[in-house]
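K.L.:
Number of protein chains: 2
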Amino acid sequence: MLIVQKYGGTSVGDIERIRAVARKVKRVCDEGHQVVLVVSAMSGETDKLIGLAEELSNHIEGREMDLLLSSGERISAALMAMAISELGVKSMSFTGRQVGIVTNDAHTKARIEKVSANRLKKALAEGAVPVVTGFQGISVTGKDVTTFGRGGSDLTAVAIAASLKAALCEIYTDVDGVYTTDPNMVTEARKLDRVSYEEMLEFSSLGAKVLQSMAVEYAKKYNVPLVVRSSFSDAPGTLIVKEDEDMEKVVVSGVAYDKNQSKITIIGVPDRPGIASKLFGTVAAANIVVDMIVQNISHATGATDISFTVARTESKKAMKLADSLAKDLDAVGTDLREDISKVSIVGVGMKSHSGVAALMFETLAKHGVNIMMISTSEIKVSCVIEKKFTELAVRALHNAFGLEGKKKPAKKKTAKKKAKAKRG
Amino acid sequence: MLIVQKYGGTSVGDIERIRAVARKVKRVCDEGHQVVLVVSAMSGETDKLIGLAEELSNHIEGREMDLLLSSGERISAALMAMAISELGVKSMSFTGRQVGIVTNDAHTKARIEKVSANRLKKALAEGAVPVVTGFQGISVTGKDVTTFGRGGSDLTAVAIAASLKAALCEIYTDVDGVYTTDPNMVTEARKLDRVSYEEMLEFSSLGAKVLQSMAVEYAKKYNVPLVVRSSFSDAPGTLIVKEDEDMEKVVVSGVAYDKNQSKITIIGVPDRPGIASKLFGTVAAANIVVDMIVQNISHATGATDISFTVARTESKKAMKLADSLAKDLDAVGTDLREDISKVSIVGVGMKSHSGVAALMFETLAKHGVNIMMISTSEIKVSCVIEKKFTELAVRALHNAFGLEGKKKPAKKKTAKKKAKAKRG
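Line by line, the protein sequences give chains A and B.
Position one of the first sequence corresponds to residue 18 (this note's numbering), numbered consecutively onward.
Position one of the second sequence corresponds to residue 18 (this note's numbering), numbered consecutively onward.
#1: Considering only the alpha carbon of each residue, which of A/Gly-144, A/Val-365, A/Glu-187 lies closest to A/Pro-253?
#2: Does the beta-carbon of B/Asn-135 have 16 or more other beta-carbons within 10 angstroms, so that it is buried, or is it exposed?
#3: Output, in chain order, the set of chain A residues within a Cβ distance shorter than 7 angstroms of B/Leu-172.
#4: So B/Ala-98 contacts chain A; which residues on that side make the cut at Cβ distance below 7 angstroms?
#5: Looking at the C-beta of A/Glu-72, does it have a partner C-beta in chain B at a distance below 7 angstroms?
#6: Can you tell me whether B/Val-203 is buried or exposed? The criterion is at least 16 other CB atoms within 10 Å of its CB, across all chains shown.
#7: Express the C-alpha separation of A/Thr-380 and A/Pro-426 in angstroms, rounding to a whole number.
#8: Identify the contact partners of A/Gln-115 in chain B, using a Cβ-Cβ distance below 8 angstroms as the criterion.
#9: Measuring alpha carbon to alpha carbon, tell me which residue in B/Thr-63, B/Asn-75, B/Leu-73, B/Leu-104 is nearest A/Asn-75.
#10: With DSSP collapsed to three states, give me the class of A/Gly-319.
#11: Below 8 angstroms, how does it come out for the stretch 188-196 of chain B and the stretch 230-249 of chain B: are there three or more Cβ pairs, yes or no?
#12: Would DSSP call B/Ile-101 helix, strand or coil?
#13: How would you list, in chain order, the residues of chain A whose beta-carbon sits under 7 angstroms from the beta-carbon of B/Leu-54?
#14: Beta strand (DSSP E) containing A/Ala-179: first to last residue?
#15: Return the chain-ordered list of same chain residues with a C-beta closer than 7 angstroms to the C-beta of B/Glu-215, the five sequence neighbours on each side being excluded.
#16: For B/Ser-371, count the other beta carbons within 10 Å of its own beta carbon; 16 or more makes it buried, fewer makes it exposed. Which is it?
#17: State buried or exposed for A/Asn-445, treating a residue as buried only when at least 16 other CB atoms are found within 10 Å of its CB.
#18: Just to confirm my understanding: we take B/Gly-441, look at its own chain, exclude 5 residues before and 5 after, and list those with CB closer than 6 angstroms. What are they?
#19: Take A/Thr-431 and list the residues in its own chain whose beta-carbon comes closer than 6 angstroms to its own, dropping the five residues that flank it on each side.
#20: Can you tell which of B/Leu-19, B/Ala-142, B/Lys-359, B/Thr-164 has its C-alpha closest to the C-alpha of B/Arg-114?
#21: Since A/Thr-351 is in the beta strand (DSSP E), which residue starts that stretch and which ends it?
#22: Note down, in chain order, every chain A residue with its Cβ under 7 angstroms from the Cβ of B/Asp-88.
#23: Under a Cβ-count criterion, where at least 16 other Cβ atoms within 10 Å of its own Cβ denotes burial, should A/Thr-190 be classed as buried or exposed?
#24: Let me know if A/Arg-34 comes out buried or exposed under the rule of 16 or more other beta-carbons within 10 Å of its beta-carbon.
#25: Consider the Cβ of A/Glu-103: report whether some Cβ of chain B lies at a distance smaller than 7 angstroms.
#26: Can you list the residues of chain A that B/Ile-32 reaches, using a CB-CB cut of under 7 angstroms?
#27: As an exercise, report each continuous beta strand (DSSP E) stretch of at least 3 residues that is fully enclosed by the stretch 22-66 of chain A, in chain order.
#28: Considering just the uninterrupted stretch of the alpha helix (DSSP H) at A/Ser-294, what are its terminal residues?
#29: When the cut-off is 7 angstroms and only beta carbons count, does A/Leu-85 lie next to chain B?
#30: Is it a yes or a no for the stretch 55-64 of chain B touching the stretch 203-212 of chain B, going by three-plus beta-carbon pairs under 8 angstroms?
#31: Just the chain A side, please: which residues come within less than 7 angstroms of B/Ile-77 by C-beta, in chain order?
#32: Start and end of the beta strand (DSSP E) containing A/Thr-407?
#33: Report the partner residues of B/Gly-271 according to the DSSP bridge assignment.
#34: So is B/Gly-319 buried or exposed if we call it buried at 16+ other beta carbons inside 10 Å?
#35: Against B/Leu-66, what residues of chain A qualify as contacts under a CB-to-CB distance less than 8 angstroms, listed in chain order?
#36: At the 7 angstroms Cβ level, is B/Ser-110 part of the contact set with chain A, yes or no?
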């Protein structure tokens, strides 16, 4: 069986850990499997390089940044190949260019256009374990090094697995799988054995740090079976695959939250056609990603309030735009709230079950949590709430949807009872 | 004027120094020149990477080592391009591959086969300052990263200067030029304004660390005018060019020494044809570089002693071979001396002056320094002596050949007088 394994920065954080991965790889080879490795930069390395660049300049060319940042993975790939060879298993390192990962020219956030993997096939045929630098490719026109952004090594692994038609793509990280919610926040959080690509995409985009969204999208597109598991244990991890009937029986798979959001409101906008288009066109042109949008027309005044959320790092930039737009649009004013968070429930079963959103709202109300914004998709419901209620809301929803191992929603349980159970 | 400038590890050792280089480059550009930069890894970086690799293995594949080591220059090249851009001068980083430095497949000690430099010409035409990663190219068959060995960034600079037909190739380092001898050992050492390629080659191979031999050979072959100068001052440095009549008037240009030598003797070898060939054939096959060789036939016994010197790091390996060869050859035994050093005088003027070697021997004898081995070439004389006499010998020779600024040998001056002069 051909397996692509990706190891993150903490898994290759020092020489001892690199040796541990090499031993693990040898075991898998000894069992008769073929392995291709993808490695991230040693933990801390990428941040160190970014720090050096930021010392030099505030407006760095993406092309130079990519040459700089791609160095980290080259170091860990070379060291990993050495460590595996030292165990008597033939191993060779390869860069993104050498394995034919061709991208567009969007430096620091490049998209993969083509993966040829010819040298990987050759190395595998020669019995070698190829070790590929994660996070990078080569641009189609410039022939320059490009990178995929934070977490981009996941994408490298999936793209190579797709190109080689690997049986499995294993993402080794410092957690042992995908959980029903953050186990640091909810001790009863349960590891999921299987989730669908769609659910994983929602989890990723809703703030769960386990997998990069682009990697999940790529895996979904090419139907690459993904496993997220710990490099520090032999626990089986979570399998991410195509949605099936069993999955649909589970109404809600998990609860996600994101504390890094800000809510901006433009108050009292005259209700004219084209206002939203103008507003969000301007925001998009400034490269600010808007998450949720809510618009409410006041029948009394004929004016409307438009609220939207952005990542908190973008809130100052977005507020500037909002202020100038408010003037242009003859709006009453603007409002910024940074003390918010977004809590979401995710599950493919929602498609065929009713009352899911209602149970979410009811649960939050029961705990005195006011809902500021609501947004829904086919397989998730998100609510913006006051940030101080985040933990309370996540625990209550996790409990209300019976995620501690029970399949049925435990509607009757209250937060008080649950807190008691925890103390017991 | 098109100038190629190379900056060593200490010149780009931290962000502040990188900024200082960027300012210097801007000044040169403002004067109307075109500049191509070549940079080494930040000081300490390459040693750090070697240390990591050595922790993992004792027998590292050159191919993996090259991917590892080439990372250092990529980091400094990217940072340098950012620093120059920050000053408002357009700048782009390039790797060895991107500027078309094609080498043979001899990893970690690759030789340049071809330099196309097309992308450099394009960047220059667009008004940009290209910053090239030193020390690395791409292999002609494997399309893998190759490196040139220690000091290899000098070679990159010279090769690019040759390819671009640059007016000048400046090597910026932490000393301000080539000296008549080591200024740390002899305070009267004088900076040379000009030396010939041949003399510089001797200096480099005799232990002077200022320039890599391969770089000087390449410069000589393509007649690239080289300048060695300090990156921390505006002093003019030393120009290295083709030998001319003026140079030949100077009998001795400098005194070099090398304390990292060992002397191995095979004692009492029966005097038969083919012995030396067998001995040095075996040593060469083990990839040990032999420097000096002396063979003396004893007319009394009909047996011979063969002595040779190797770098001290190789002495254990070489002694093993010598011991087994002594057995094979029915020799009496072997002897290893590590307490030796090699002192040399160099000068193109020797070709047309007699008595140079004689003055050297006389000077050493006058100071009670016993000569253990002698080796001569057209433009140098080397003597192996006891290591403890190194400083004494170098100072005496520097004085005897009048290198403190006078052009004529000061034959009458004794070490005693010189010592007095120094105190005065």
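Glycine included, C-beta positions come from ideal geometry on N, C-alpha and C.
If you're wondering where the values come from, they're calculated on a predicted model, not measured in any experiment.
P.N.:
Reading from the atomic positions:
#1: Taking the first sequence and counting its residues from 1, the one referred to as residue 253 of chain A is at position 236. Closest option to A/Pro-253, Cα to Cα, is A/Glu-187.
#2: As a working mapping, residue 135 of chain B is identified with position 118 in the second sequence. That one is exposed.
#3: For the purposes of this step, residue 172 of chain B is taken as residue 155 along the second sequence, with counting starting at 1. None at all; the shortest Cβ gap to chain A is about 21 angstroms.
#4: Position 81 of the second sequence, counting from 1, holds the residue named residue 98 of chain B. The contacting residues are Glu-81.
#5: Within the first sequence, numbered from 1, the residue matching residue 72 of chain A stands at position 55. Closer than 7 angstroms: yes.
#6: Within the second sequence, residue 203 of chain B is the residue found at index 186, counting from 1. Here B/Val-203 is buried, its C-beta having at least 16 other C-beta atoms within 10 Å.
#7: Against the first sequence, residue 426 of chain A aligns to sequence position 409. Against the first sequence, residue 380 of chain A aligns to sequence position 363. Confidence in A/Pro-426 is poor, its pLDDT being 43 and thus under 50, which makes the residue's placement unreliable; the coordinate value appears in the next sentence. Roughly 11 angstroms separates the two Cα atoms.
#8: If you number the first sequence from 1, residue 115 of chain A lands on position 98. Near A/Gln-115 (Cβ distances below 8 angstroms), the residues of chain B are Lys-160, Asp-161.
#9: Taking the first sequence and counting its residues from 1, the one referred to as residue 75 of chain A is at position 58. The shortest C-alpha separation from A/Asn-75 is found at B/Leu-104.
#10: Within the first sequence, the letter at position 302 stands for residue 319 of chain A. Look at A/Gly-319 here: in three-state DSSP terms it is coil, with no helix or strand label.
#11: Yes, the stretch 188-196 of chain B touches the stretch 230-249 of chain B.
#12: Sequence index remark: in the second sequence, residue 101 of chain B carries index 84 (1-based). DSSP places B/Ile-101 in helix when its eight states are reduced to three.
#13: Your numbering for residue 54 of chain B matches position 37 in the second sequence. Near B/Leu-54 there are no residues of chain A at all, since even the closest Cβ is about 13 angstroms away, more than 7 angstroms.
#14: Here residue 179 of chain A is taken as the residue at index 162 of the first sequence, counted from 1. It is not in any beta strand (DSSP E) - A/Ala-179 instead sits in the alpha helix (DSSP H) that spans 169-181.
#15: The sequence position of residue 215 of chain B within the second sequence is 198, counting from 1. Taken in chain order, the residues that qualify are Glu-260, Val-365, Ile-396.
#16: Position 354 of the second sequence, counted from the start, is the residue given in the question as residue 371 of chain B. Label assigned to B/Ser-371: exposed.
#17: In this structure chain A extends from 18 to 441, so residue 445 of chain A is not present and cannot be described.
#18: Sequence index remark: in the second sequence, residue 441 of chain B carries index 424 (1-based). Unreliable positioning characterises B/Gly-441 in this predicted model, as indicated by a pLDDT of 34, which lies under 50. A coordinate reading is not provided.
#19: Against the first sequence, residue 431 of chain A aligns to sequence position 414. Confidence in A/Thr-431 is poor, its pLDDT being 42 and thus under 50, which makes the residue's placement too unreliable to answer from.
#20: For the purposes of this step, residue 114 of chain B is taken as residue 97 along the second sequence, with counting starting at 1. Checking every option, the nearest Cα to that of B/Arg-114 belongs to B/Thr-164.
#21: Against the first sequence, residue 351 of chain A aligns to sequence position 334. Note, A/Thr-351: beta strand (DSSP E), 350-363.
#22: In the second sequence, residue 88 of chain B corresponds to position 71, counting from 1. Contrary to the premise, residue 88 of chain B reads as Ser rather than Asp in this sequence. Chain A residues near B/Ser-88: Ser-88, Arg-91, Ile-92.
#23: The count along the first sequence starts at 1 and reaches residue 190 of chain A at position 173. Burial call: buried.
#24: Walking along the first sequence from the start, residue 34 of chain A turns up at place 17. The residue in question, A/Arg-34, is buried, as its Cβ has 16 or more Cβ neighbours within 10 Å.
#25: Translated into positions along the first sequence, residue 103 of chain A becomes position 86. So yes, A/Glu-103 belongs to the interface.
#26: Mapped onto the second sequence, residue 32 of chain B falls at position 15. Near B/Ile-32 (Cβ distances below 7 angstroms), the residues of chain A are Leu-69, Glu-72, Leu-73.
#27: 51-56
#28: Sequence index remark: in the first sequence, residue 294 of chain A carries index 277 (1-based). Note, A/Ser-294: alpha helix (DSSP H), 292-302.
#29: Residue numbering aside, residue 85 of chain A sits at position 68 when the first sequence is read from its first letter. Judged by the 7 angstroms Cβ criterion, A/Leu-85 is in contact with chain B.
#30: no
#31: What you label residue 77 of chain B is simply residue 60 of the second sequence in a count that begins at 1. Per Cβ cutoff of 7 angstroms: Met-99.
#32: Here residue 407 of chain A is taken as the residue at index 390 of the first sequence, counted from 1. A/Thr-407 -> not in any beta strand (DSSP E); alpha helix (DSSP H) instead, spanning 407-417.
#33: On the second sequence, position 254 is the one that residue 271 of chain B refers to. B/Gly-271 has B/Val-363 as its beta-bridge partners, per DSSP.
#34: Here the question's residue 319 of chain B lines up with position 302 in the second sequence. By the beta-carbon neighbour count (other beta carbons within 10 angstroms, threshold 16), B/Gly-319 is exposed.
#35: In the second sequence, the residue the question calls residue 66 of chain B occupies position 49. Chain A residues near B/Leu-66: Ile-92.
#36: Translated into positions along the second sequence, residue 110 of chain B becomes position 93. Interface residue, yes.
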